[in-house]
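Asks: Please see the structure below; I have some questions.
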């Protein structure tokens with residue numbers, strides 16, 4: 002039994018123009034203490050997938066899955082009370098913008114104490130001590146003063162630290178971090194990522210790190226899943242993915258990242274724009290932007306297939322073989 | 002001086018300045034309107050009218066009157082009413098304000114007790130039957146003139162099922178129907194503002210955070226959404242309270258309540274210069290005080306807002 006098992010997860014939203022399928026059959030597994038990086042452009046379904054896991058999508062969203070199981074328990078079959086009890090306690094989530102994601106009307110101490118009271122049953126002075134300890138654990142100086150302060154009195158990086166402290170106060174087994182560093186300065190980004198690594202080691206929790214930035218997952222994730230148009234298009238161990246990216250989209254993502262160690266290369270942007278999920282043509286959704294497209298790509302959408310140990314791609318083209326031939330020439 | 006006292010002092014000076022401007026503008030405006038307090042339908046002989054004008058000092062040059070009135074006002078004396086013989090304006094206000102104010106306070110409670118829950122429920126059940134029904138009632142509350150509401154209530158609760166007295170000033174039971182009529186449109190506004198405010202807050206990122214923490218929906222609403230959602234209501238209540246406390250001509254006429262609302266309108270029609278001035282300045286001061294209270298409330302409710310003079 003996997004710690005977290007997702008199979009054929011689908012999420013759609015009714016809109017005025019019809020049903021939009023934002024997540025179209027996502028499957029993956031996550032182990033205890035493992036970090037999975039989920040990478041994709043905005044609109045690729047990476048956030049929606051995990052908001053569905055948390056049960057935080059708007060009521061209009063339709064969620065279906067072959068299996069969505071946390072420690073063997075099927076999430077979609079639980080009643081609302083049980084799911085709510087799991088939120089924050091078993092599965093916690095932190096969000097992109099710590100400015101807008103913390104309640105501006107109450108002090109950090111109050112917001113953390115709320116978690117301690119609810120998930121650890123602390124009362125009275127233990128709440129204050131607990132909040133101070135939580136802030137100290139994420140490296141916020143002078144926590145006993147900080148608990149009296151409001152979010153607007155914190156800097157961006159400190160705010161995200163406080164957010165992490167708050168969401169980890171229930172000692173969750175799984176942390177979903179949705180673009181936790183996107184709104185932060187680069188130097189602060191590195192600090193937050195390091196903090197997450199440290200906390201994961203100390204607590205042995207699993208992390209799903211959602212980002213649009215392959216650079217963020219590089220030093221962070223054990224495995225990476227690349228999403229495109231509501232599906233996983235490539236999944237591999239992080240090292241494998243960076244060494245042998247085998248889906249044209251992943252390759253495109255990698256060559257659009259500036260590299261300091263190779264000065265001859267030019268940055269190559271991926272041409273075109275992400276597909277409109279309302280009007281998918283039936284073939285591979287990446288085909289219009291793909292320079293390797295073959296006739297077969299217009300006929301059916303490729304399913305995920307294994308091309309190496311733990312390495313899966315959803316592509317009709319045998320890209321690794323193709324590239325080897327080209328290199329030989 | 003502590004910042005809070007300095008803030009209050011500054012605001013007080015501003016209020017005095019505002020009162021002076023309002024006084025000046027209303028003084029000259031009132032006198033610019035054709036007719037005067039004694040040029041009425043009674044057709045008194047010119048000599049009598051001249052005597053009256055002399056007695057009340059309005060035969061003097063305009064600027065002298067302005068100065069005299071100003072000096073009297075500085076001493077807290079609004080002068081004698083021109084039309085209500087033997088009454089000073091101070092007495093008329095002292096007589097009417099407590100009645101209008103008690104009616105107003107009750108109306109305000111009714112407005113808040115009906116409006117706030119209606120608005121919150123509407124926001125939670127957005128687009129559903131509860132919401133549509135409540136917002137239909139709120140629109141009706143705003144659209145229906147209060148004399149229509151009053152007539153309906155009188156028909157039902159005085160004539161058909163006589164539980165309330167038809168009018169007059171007496172016990173608490175005399176207050177209920179008029180307070181409801183007076184409060185109904187305010188309840189409707191409060192409901193709409195609360196709903197809009199709550200909907201805005203419920204769409205915020207930190208509400209999603211509150212849900213992600215595992216809070217129940219009622220705790221999300223009460224602990225995380227309410228404070229921010231009520232801010233628009235607080236802003237509305239400042240001027241609204243000033244209006245509701247000073248009474249309403251229509252309601253006081255329908256229910257025979259000897260309040261202040263009648264004087265606001267009647268004094269202007271009668272060219273009762275002093276009484277009209279009293280009413281205008283009282284209202285100005287009340288609006289000012291209530292807005293000050295709103296600003297102070299804001300700093301208590303929203304930690305990002307500071308006091309500025």
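Chains as they are written, first to last, in my numbering: chain A, 2 to 330; chain V, 2 to 310.
The beta-carbon is built from N, C-alpha and C at its ideal position, and this holds for glycine as well.
Mind checking if residue 143(A) is an interface residue toward chain V, Cβ cutoff 8 Å exclusive?
Replies: The sequence position of residue 143(A) within the first chain is 142, counting from 1. No - not a single Cβ of chain V is within 8 Å of the one on residue 143(A).
Asks: For a cutoff of 8 Å on Cβ pairs, would you count residue 206(V) as touching chain A?
Replies: Position 205 of the second chain, counted from the start, is the residue given in the question as residue 206(V). Residue 206(V) counts as touching chain A.
Asks: What is the rounded straight-line gap between the Cα of residue 202(A) and the Cα of residue 140(A)?
Replies: Locating residue 202(A) in the first chain gives position 201, counting from the first residue. Locating residue 140(A) in the first chain gives position 139, counting from the first residue. Cα to Cα, residue 202(A) sits roughly 15 Å from residue 140(A).
Asks: Please return the same chain residues whose Cβ sits closer than 6 Å to the Cβ of residue 185(V), not counting the five positions on each side in sequence.
Replies: As a working note, residue 185(V) is residue 184 in the second chain. So the qualifying residues of the chain are 142, 150.
Asks: So that I know if they touch, is there some Cβ in chain A lying closer than 8 Å to that of residue 229(V)?
Replies: Working through the second chain from its first residue, we reach residue 229(V) at position 228. True, the Cβ-Cβ gap to chain A drops below 8 Å.
Asks: Less than 8 Å separating the beta-carbons of residue 14(A) and residue 21(A)?
Replies: Looking up residue 14(A) in the first chain gives position 13. Looking up residue 21(A) in the first chain gives position 20. Result yes, Cβ atoms of residue 14(A) and residue 21(A) sit closer than 8 Å.
Asks: Under the criterion of a Cβ to heavy atom distance below 7 Å, does residue 240(A) qualify as lining the ligand FAD?
Replies: Inclusion of the ligand FAD in the displayed structure is not the case, the ligand content being empty and no account of it being possible.
Asks: Leaving aside the five residues before and after residue 222(A) along the sequence, list all residues of the same chain whose C-beta is less than 7 Å from its C-beta, in chain order.
Replies: Position 221 of the first chain holds residue 222(A). The residues are 36, 37, 38, 210, 239.
Asks: Is the Cβ of residue 197(V) closer than 8 Å to any Cβ of chain A?
Replies: For this step, residue 197(V) is matched to residue 196 along the second chain. Not one chain A Cβ lies under 8 Å of residue 197(V).
Asks: Name, in chain order, the residues that DSSP records as bridge partners for residue 232(A).
Replies: Within the first chain, residue 232(A) is the residue found at index 231, counting from 1. 229(A), per the DSSP bridge assignment.
Asks: Would the segment 70 to 88 of chain A and the segment 155 to 168 of chain A be scored as touching if the rule is three or more Cβ pairs under 8 Å?
Replies: no
Asks: Compare the beta carbon distance of residue 322(A) and residue 315(A) with 8 Å and say whether it is the shorter of the two.
Replies: Within the first chain, the letter at position 321 stands for residue 322(A). Within the first chain, the letter at position 314 stands for residue 315(A). For residue 322(A) and residue 315(A), no; Cβs fall outside 8 Å.
Asks: For a contact meaning CB atoms closer than 8 Å, what does residue 305(V) contact in chain A?
Replies: Numbered from its first residue, the second chain carries residue 305(V) at position 304. Taking the beta carbon of residue 305(V) as reference, the chain A residues within 8 Å of it are 105, 151, 153, listed in sequence order.
Asks: When DSSP labels each residue in this structure, what does residue 209(V) get in the three-state scheme?
Replies: For this step, residue 209(V) is matched to residue 208 along the second chain. Looking at residue 209(V) - three-state DSSP - the assignment turns out to be helix.
Asks: So, does the segment 167 to 177 of chain V touch the segment 98 to 111 of chain V, judging by three or more C-beta pairs under 8 Å?
Replies: yes
Asks: What are the boundary residues of the alpha helix (DSSP H) that includes residue 51(A)?
Replies: Taking the first chain and counting its residues from 1, the one referred to as residue 51(A) is at position 50. Note, residue 51(A): alpha helix (DSSP H), 47 to 55.
Asks: So, for residue 306(A): in the same chain, excluding its five sequence neighbours on each side, which residues have a beta-carbon less than 7 Å away from its beta-carbon?
Replies: By 1-based counting over the first chain, the position of residue 306(A) is 305. Same-chain partners within the cutoff: 313, 314.
Asks: Can you give me the start and stop residues for the beta strand (DSSP E) that residue 25(A) sits inside?
Replies: Stepping through the first chain from its first residue, residue 25(A) is reached at position 24. Taken as a continuous stretch (DSSP letters only), the beta strand (DSSP E) holding residue 25(A) covers 19 to 31.
Asks: Considering only C-alpha positions, which residue in the set 97(A), 227(A), 300(A) is nearest to residue 281(A)?
Replies: The count along the first chain starts at 1 and reaches residue 281(A) at position 280. With distances taken between Cα atoms, residue 281(A) lies closest to 300(A).
Asks: State the start and end residues of the unbroken beta strand (DSSP E) segment that holds residue 131(A).
Replies: Numbered from its first residue, the first chain carries residue 131(A) at position 130. Looking at the DSSP string, residue 131(A) is not in any beta strand (DSSP E); the run it does join, the alpha helix (DSSP H), is 126 to 138.
Asks: Is it buried or exposed for residue 146(A), if we count other Cβ within 10 angstroms and need 16 for buried?
Replies: Taking the first residue of the first chain as 1, we reach residue 146(A) at position 145. Residue 146(A) is exposed by the Cβ-count criterion.
Asks: Skipping 5 residues on each side, what residues in its chain have a beta carbon closer than 7 Å to that of residue 111(V)?
Replies: Position 110 of the second chain, counted from the first residue, corresponds to residue 111(V). Taking C-beta separations shorter than 7 Å and ignoring five residues to either side along the sequence, the partners of residue 111(V) in its chain run 180, 181, 184, 188, following chain order.
Asks: Taking C-alpha atoms, which residue in 106(A), 309(A), 96(A), 131(A) lies nearest to residue 245(A)?
Replies: Here residue 245(A) refers to the residue found at position 244 of the first chain. Nearest of 106(A), 309(A), 96(A), 131(A) to residue 245(A), Cα basis: 309(A).
Asks: Taking residue 80(V) and residue 272(V) to be in contact with their CB atoms under 8 Å, please state how far apart those CB atoms are, rounded to whole angstroms.
Replies: Here residue 80(V) refers to the residue found at position 79 of the second chain. Here residue 272(V) refers to the residue found at position 271 of the second chain. About 14 Å; that fails the 8 Å criterion.
Asks: Got a sec, what are the start and stop residues for the alpha helix (DSSP H) residue 296(V) sits in?
Replies: As a working mapping, residue 296(V) is identified with position 295 in the second chain. Unbroken alpha helix (DSSP H) run through residue 296(V): 274 to 302.
Asks: Please state if the CB of residue 263(V) and the CB of residue 230(V) are separated by a distance shorter than 8 Å.
Replies: Start at 1 with the first residue of the second chain, and residue 230(V) comes out as number 229. Start at 1 with the first residue of the second chain, and residue 263(V) comes out as number 262. The answer is no: Cβ separation not under 8 Å.
Asks: Bridge partners of residue 36(A), per DSSP?
Replies: Residue mapping note: residue 36(A) aligns to position 35 of the first chain, counting from 1. Per DSSP, 208(A).
Asks: Assess, as a yes-or-no matter, whether the segment 175 to 182 of chain A is touched by the segment 89 to 97 of chain A under the definition of 3 or more beta carbon pairs within less than 8 Å.
Replies: yes
Asks: So with CB distances below 9 Å, who are the chain V contacts of residue 86(A)?
Replies: Here the question's residue 86(A) lines up with position 85 in the first chain. The answer, in chain order, is 215.
Asks: List, in order along the chain, the chain A residues whose C-beta lies closer than 8 Å to that of residue 211(V)?
Replies: Reading the second chain from its first residue, position 210 is the one you call residue 211(V). Near residue 211(V) (Cβ distances below 8 Å), the residues of chain A are 104.
Asks: Taking only beta-carbon positions, decide if residue 101(A) is within less than 8 Å of chain V.
Replies: Counting from one through the first chain, the residue named residue 101(A) turns up at place 100. Taking 8 Å as the threshold, the shortest C-beta distance from residue 101(A) to chain V falls below it.
Asks: Counting only Cβ pairs nearer than 9 Å, list the residues of chain V close to residue 206(A).
Replies: What you label residue 206(A) is simply residue 205 of the first chain in a count that begins at 1. The premise fails here: residue 206(A) is roughly 16 Å from chain V at the closest Cβ pair, so nothing lies under 9 Å.
Asks: I'd like the list of long-range same chain contacts for residue 185(A), defined as Cβ closer than 7 Å, with 5 residues on each side in sequence excluded.
Replies: Numbered from 1 along the first chain, position 184 holds the residue referred to as residue 185(A). The beta carbon of residue 185(A) sits closer than 7 Å to the beta carbons of 157, 158, 161, 193 from its chain, once the five residues preceding and following it are set aside; these are given in chain order.
Asks: Cα separation between residue 287(V) and residue 120(A)?
Replies: Position 286 of the second chain holds residue 287(V). Position 119 of the first chain holds residue 120(A). Cα to Cα, residue 287(V) sits roughly 48 Å from residue 120(A).
Asks: My parser needs the alpha helix (DSSP H) runs of 4 or more residues fully inside the segment 66 to 142 of chain V; what are they?
Replies: 90 to 125
Asks: Would you call residue 6(A) buried or exposed, if buried means 16 or more other Cβ atoms sit within 10 Å of its Cβ?
Replies: Residue numbering aside, residue 6(A) sits at position 5 when the first chain is read from its first letter. Counting the other Cβ atoms within 10 Å of the Cβ of residue 6(A) gives 16 or more, which makes it buried.
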